[in-house]
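K.L.:
Here numbering that gives the first Met the number 0 is used: the first residue of the sequence shown is 0, the next is one more, and so on. For every residue, glycine included, the Cβ atom is placed at its ideal position computed from N, Cα and C. Computed from a prediction, not measured in an experiment: that's the story for all the values here.
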Amino acid sequence: MRPIADHTRKAFAQVEEFVRKFYETAEKGDPGTESGMTNEKKKGDPVPAQGRDDMVSGVTNAIRDGAPGANAETAPVAVILDSGCGTGESTIHIARRFPGIPVIGIDKSCARLNKAGNPSQTAGEDVPANAFWIRAELLDFWRLALEHVKSGKWTIPYHAVYYPNPWPKQSEATRRFHMHPIFPTLLALGETIELRTNWEIYAREFAEAARIVYDEAAKGDSAPEQVRGDKEAGITDAAGMTIKCESFDPEKPETAFERKYKEARQKLWRVTVSHF
Ligand SMILES: C[S@@+](CC[C@H](N)C(=O)[O-])C[C@H]1O[C@@H](n2cnc3c(N)ncnc32)[C@H](O)[C@@H]1O
C-alpha cells in the first residue's frame, strides 16, 4: 500500500525512455552491434549514456517476428531485468546472452553502480548497447514494471535475482523477498525468474514460497491442476509453471558475489520459476 517513491518513478521513466529508444533505433533497421558503439558509462554517474543514436540491436519482439496482429502501437516489447545487480557485472553477461533485448540492471547502491561497466568487467570490450543501469528501489520498481506487463506494454522473458541480501536473522526474515508482501508481484513479473544464492535454505524457501503462491492461485482457478513434483530433482510442476531448485557450479562467475563464494568453495544454489 506504500505510495511509490518519486525517485523510483523518475528512474522508471528513464528506463522507459531507454527501452523506447532502443527499439526505435532497431526499428530503423540498424543492422547489428558491430559498429563500434560504446554506450559508455560516465564516471561518477550510475546511469550510462542512454538513448544514443549509435545504439543498435536486433529486436526479438512480436513486431519484428511478424506475429499476427502485432503492430508497433500495441505489441508488448521484451525487457529483461537484473534486480539487485550490485556492481552490474551480471547485467553485461545477460546483455550478451540476449543481444536483442534491453537488459536493465537495478540497484539502490550508488557506490556499487558506479563500478558498472568498468574495463575489468568487459574484458576490454565495449559495454553492450542493450545494457542499462539505474538506481532505484526494487520493491517500487517491480510494482511499476508489473503495471507495464499487465497493460501489455512490456513482457519480461527473463528476470535475474542474483544473490539478494539473505537477511539471515530470524527477526529479519520477513525482509527476504519471498516472505515479503511483494513476492506475488515479483512472480507475476517475468516469464522465467532465476534466483541465485549461496544459502541452501534461502533457495528452498524461495522455491516453496513460489509453490504456495501458485497453489493458492490455482485454488481460485476454475480448472486447477494438481501440483505435481519430483522432489529428488528439485522440480515442482504446478498450474502453468515449473519450479526448479538445484545446486550449480558456474564455470565463470557472473557477479562479484558469485566470484567471492566460488573462491571460498561455497556451494551455490539456483531456483528457476518458469511460466509456460
Ligand atoms: C548481496 S548484493 C548482490 C549484488 C550482485 N547481484 C552480485 O551478485 O554481486 C545485493 C544487492 O542488492 C541491492 N539491494 C538490496 N535490496 C534492494 C532494494 N530493495 N532495492 C534496490 N537494491 C537492493 C544491494 O544494494 C546490493 O547491491
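According to DSSP, simplified to helix, strand and coil, what is D106?
P.N.:
Here residue 106 refers to the residue found at position 107 of the sequence shown. DSSP places D106 in strand when its eight states are reduced to three.
K.L.:
From the DSSP output, in three-state form, read off T90 for me.
P.N.:
As a working note, residue 90 is residue 91 in the sequence shown. Three-state DSSP puts T90 in a helix.
K.L.:
Is the CB-CB distance between V160 and T154 below 8 Å?
P.N.:
By one-based count along the sequence shown, residue 160 stands at place 161. By one-based count along the sequence shown, residue 154 stands at place 155. The answer is no: Cβ separation not under 8 Å.
K.L.:
Within 10 Å of its beta-carbon, does K83 have 16 or more other beta-carbons around it, so buried, or fewer, so exposed?
P.N.:
Along the sequence shown, one-based indexing puts residue 83 at 84. One detail in the question is off: residue 83 reads as Gly in this sequence, not Lys. Buried: at least 16 other Cβ atoms inside 10 Å.
K.L.:
Pull up the DSSP beta-bridge partners for V160, would you.
P.N.:
Working through the sequence shown from its first residue, we reach residue 160 at position 161. BP columns for V160 point to L194.
K.L.:
If A280 and G99 are in contact, beta carbons under 8 Å, what's the gap, nearest whole angstrom?
P.N.:
As shown, the chain starts at 0 and ends at 275. That puts residue 280 outside it, with no answer to give.
K.L.:
At the level of alpha carbons, what is the spacing between R134 and D106?
P.N.:
Working through the sequence shown from its first residue, we reach residue 134 at position 135. Working through the sequence shown from its first residue, we reach residue 106 at position 107. Rounded to whole angstroms, R134 to D106 spans 5 Å at the Cα level.
K.L.:
Our contact map puts K193 next to R269 with C-beta atoms below 8 Å; I'd like the distance itself, whole angstroms only.
P.N.:
As a first step, residue 193 must be located in the sequence shown, where it is residue number 194. As a first step, residue 269 must be located in the sequence shown, where it is residue number 270. Reading off the sequence shown, one finds Glu at residue 193, where the question assumed Lys. Between R269 and E193 the Cβ distance is about 6 Å, and since that is below 8 Å, they are a contact.
K.L.:
Whole angstroms are fine: how far does the CA of F176 sit from the CA of M240?
P.N.:
If you number the sequence shown from 1, residue 240 lands on position 241. If you number the sequence shown from 1, residue 176 lands on position 177. Straight-line Cα distance between these residues: approximately 19 Å.
K.L.:
If you drop the 5 nearest sequence neighbours on each side, which residues of the same chain put their C-beta closer than 7 Å to that of P2?
P.N.:
What you label residue 2 is simply residue 3 of the sequence shown in a count that begins at 1. Once the five neighbours on either side are set aside, P2 has no close Cβ partner at all.
K.L.:
Flag Y201 as yes when its Cβ comes closer than 7 Å to any non-hydrogen atom of ligand 1, and as no otherwise.
P.N.:
Within the sequence shown, numbered from 1, the residue matching residue 201 stands at position 202. Incorrect: Y201 has no Cβ contact closer than 7 Å to ligand 1.
K.L.:
Quickly, what does DSSP pair G189 with across the bridge? List them, please.
P.N.:
Within the sequence shown, numbered from 1, the residue matching residue 189 stands at position 190. DSSP output for G189 lists I155 as bridge partner(s).
K.L.:
For the putative contact between F267 and E257, defined by C-beta atoms under 8 Å, what is the C-beta separation to the nearest angstrom?
P.N.:
On the sequence shown, position 268 is the one that residue 267 refers to. On the sequence shown, position 258 is the one that residue 257 refers to. Checking the sequence, you will find Leu at residue 267 rather than Phe. Indeed, because the Cβ distance is near 7 Å, the residues count as touching under 8 Å.
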